[in-house]
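Residue numbers (our numbering): 7 to 236. Single-structure report; data block below.
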C-alpha cells in the first residue's frame, strides 16, 4: 500500500515561497489552515494538487465560499481544520488530526490520542519566527500518520525582507492609520499593499496586529510591530 503525502500550510498571506515548491509538487493533496489573503495564491496552489482550505481572519470577500472549519476523512483518518484554535468546535474532539494556524508559530504535539498541528506561516516571516510548513504522511495500510516540519529558509521572500523600505515614525504612523482604515472597510491585504504602494509584508504585519487586538489604534499597532518600517 502507498504512503500518502499531504502538504499542510497556513498563513501564506499572499506569498507562496519558492522553497515550498518541492513539497507541493510531490504531494497529492494540500491542506491550508487559512489566511490565504488572495485568490491568486489559492490558484497557484491548485496547480500543484487539490486544495482543502478554511477561511482565516484576513481572508475577505473572495473567500466567503470557504468554510470557517472543516471536518473530513483521509485514508480512514479523521481530520479537523480551523484557522484560530480558540474558535474550534466540538468536532475537533472527534478527529485524529487537528490543524490550525493564526499564530504564525509552528507547533506539533500529541494529546488525548490525537495530533495537534500548526504548520506555522508558509508566507512572510513574522515576529522573529521562521517560515514553515508541514508534510503529513499517512500509511495506506496501517493508517499510521507522521508529521515532518519543513523550514522554508532563504529565497525570494527573505531577500525581499532585506529590501524593505525604512520609514520615519511620523510617516509610518500615517501608513499604519491608512491601512487600519482600509482594513475596517473590508479591503484585502494584497489590495491595500498595492494601493498604498507598500510591501505586502508590512500591510500583513499591521493587519495581524489589528485583527488580534480589537479596538487598537495606530499608535498601539506601532508599539507592537516587530520592526518599525518593515
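No residue lacks a Cβ here, since even glycine has one placed at the ideal position from N, Cα and C.
DSSP places residue 231 in the coil class of the three-state scheme, outside both helix and strand.
A Cβ-Cβ contact shorter than 8 Å links residue 19 with residue 130. The beta carbon of residue 146 sits closer than 8 Å to the beta carbons of 7, 8, 9, 10, 81 from its chain, once the five residues preceding and following it are set aside; these are given in chain order.
Between residue 210 and residue 195 the beta-carbon gap is near 5 Å, inside 8 Å, which marks them as a contact. In this structure, DSSP gives residue 187 a helical state, which the three-state scheme calls helix. Between the beta-carbon of residue 60 and that of residue 94 there is about 11 Å, and that puts the pair past the 8 Å contact cut.
Nearest to residue 153 by alpha-carbon distance, out of 177, 180, 113, is 113. The Cβ atoms of residue 63 and residue 90 lie closer than 8 Å to each other. Under the DSSP definition of a beta bridge, residue 103 partners with 85, 121.
When secondary structure is reduced to three states using DSSP, residue 113 falls in the strand class.
Within the same chain, and ignoring the five residues on either side of residue 36 in sequence, the residues whose Cβ sits closer than 6 Å to its Cβ are 13, 51, 55, 57.
Going by beta carbons, residue 103 and residue 139 fall outside the 8 Å limit. Under the DSSP definition of a beta bridge, residue 38 partners with 15, 59. Straight through space, the alpha carbons of residue 96 and residue 47 are spaced by roughly 30 Å.
When secondary structure is reduced to three states using DSSP, residue 69 falls in the helix class. Here the alpha carbon of residue 221 sits roughly 22 Å from the alpha carbon of residue 110. Straight-line measurement puts the Cα of residue 98 at about 11 Å from the Cα of residue 106. C-alpha of residue 65 to C-alpha of residue 212: approximately 15 Å in a straight line. Within the same chain, and ignoring the five residues on either side of residue 207 in sequence, the residues whose Cβ sits closer than 6 Å to its Cβ are 130.
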